[in-house]
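Residue 1095 is where the sequence shown starts when you use this note's numbering, and the numbers rise one by one after that.
All remarks here apply to the structure that follows.
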Amino acid sequence: MDKKSGNKEEKAKELIARLNRLSSWPLPTSFILIIGVGYFFTFYDISDIGFAMPAIDQQFHLGSSLSLFHCAFSRAHRICNRFLCSWYHI
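If you want it as structure tokens, here you go:
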């Protein structure tokens, strides 16, 4: 067995053992509700924009490529912001 792969296996076993020693969710139960509500509104926003985009295209005389660019850019913007905010603990 390679020294690096053995080290990775030991680290993985140690991590699993540490996770198994956790007795329960360390945060209050209300946090699960708050996280669930956040996911609900995020996915509601995504589906709402998806259903409304054809009407928005007609009303503002946008092309489908421009509206597609807007949707893709806003999703990429959210992903980057969430990553940066979690990375820098803002």
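Idealized CB from N, CA, C, for every residue including glycine.
**Between the CA atoms of residue 1118 and residue 1128 - distance to the nearest angstrom** = 18 Å
**Message:** By the three-class DSSP mapping on this structure, what secondary structure does residue 1157 have?
**Reply:** If DSSP states are grouped into helix, strand and coil, residue 1157 belongs with coil.
**Request:** Determine the DSSP secondary structure at residue 1127, reduced to helix, strand or coil.
**Result:** Residue 1127 falls in the helix class under three-state DSSP.
**residue 1176 versus 1162, 1133, 1153, 1142, residue with shortest Cα-Cα distance** = With respect to the C-alpha of residue 1176, the residue from 1162, 1133, 1153, 1142 having the closest C-alpha is 1133.
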